[in-house]
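Q: Handing you a structure now.
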Amino acid sequence: MGMAVGPKKGSVKNDINVTPLVDVVLVLLIIFMVITPMLQRGKDVKLPQSKSIDEENKDSDPIILSVTTDKHIYIESSEYDKEGFTPALKAVLDAKPGRKILLKGDQTLTVGDVREVMELSRKAGAKSVALGVEEQK
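Counting in this note's numbering, the sequence shown runs from 7 upward without gaps.
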């Protein structure tokens, strides 16, 4: 019969077993690596800054529209041209009625570019379009 003994015969070995700790940390790392890309919705754009912003409604799950610096239009992460945008947004709105729309326009765009996407959204049946901004620090 074998027994791990310390410096004194019969004393308890007080080394910490780090194997379970490493296992838990690796599982958490894998979970974060899988979830992190799903946290951002829509296309990545640099939002304009604003001194005052409205409180975000946590209950709603808006449809994210993005307009990039090169004037490409996205619904969530799917790219559309101006002709295909309105029917695609209408299909999304018909499938999920009552959802709000959040428009994220890059800060380098002109007001006319953003207004054009808002008009296309209204033609698709959107009742209102909220603009995404970043709080000025």
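Beta carbons: idealized from backbone N, C-alpha and C, even for Gly.
According to DSSP, I69 sits in a beta bridge with which residue or residues?
A: According to DSSP, I69 bridges with I107.
Q: Identify, in the order they occur along the chain, each residue of the same chain with its Cβ nearer than 6 Å to the Cβ of L137, setting aside the five sequence neighbours on each side.
A: Same-chain partners within the cutoff: L109.
Q: Measuring CB atoms only, is the region 21 to 39 touching the region 85 to 94, in the sense that at least three cross pairs come out at less than 8 Å?
A: No, the region 21 to 39 is not in contact with the region 85 to 94.
Q: Going by the CB atoms, is the gap between T74 and D119 shorter than 8 Å?
A: Contact: no.
Q: DSSP on E85, reduced to helix/strand/coil?
A: Strand at E85.
Q: Using the DSSP secondary-structure output, state which residues sit across from L154 in a beta bridge.
A: Past the boundaries of the shown model lies residue 154; the chain is included only from 7 to 143, so the question cannot be answered.
Q: Given this structure, state the Cα-to-Cα distance separating D76 from G104, to the nearest angstrom.
A: Approximately 30 Å between the Cα atoms of the pair.
Q: Taking C-beta to C-beta, are I81 and A101 nearer than 8 Å?
A: Contact: no.
Q: First and last residue of the alpha helix (DSSP H) that includes D119?
A: Taken as a continuous stretch (DSSP letters only), the alpha helix (DSSP H) holding D119 covers V117 to K129.
Q: Whole angstroms is fine: what's the gap from K96's alpha carbon to D67's?
A: Straight-line Cα distance between these residues: approximately 17 Å.
Q: If you count every other CB in all the chains shown that lies within 10 Å of the CB of V28, and 16 or more means buried, which is it?
A: Classification for V28: exposed.
Q: Roughly how many angstroms lie between the CA atoms of G131 and T114, to the nearest whole one?
A: Cα to Cα, G131 sits roughly 27 Å from T114.
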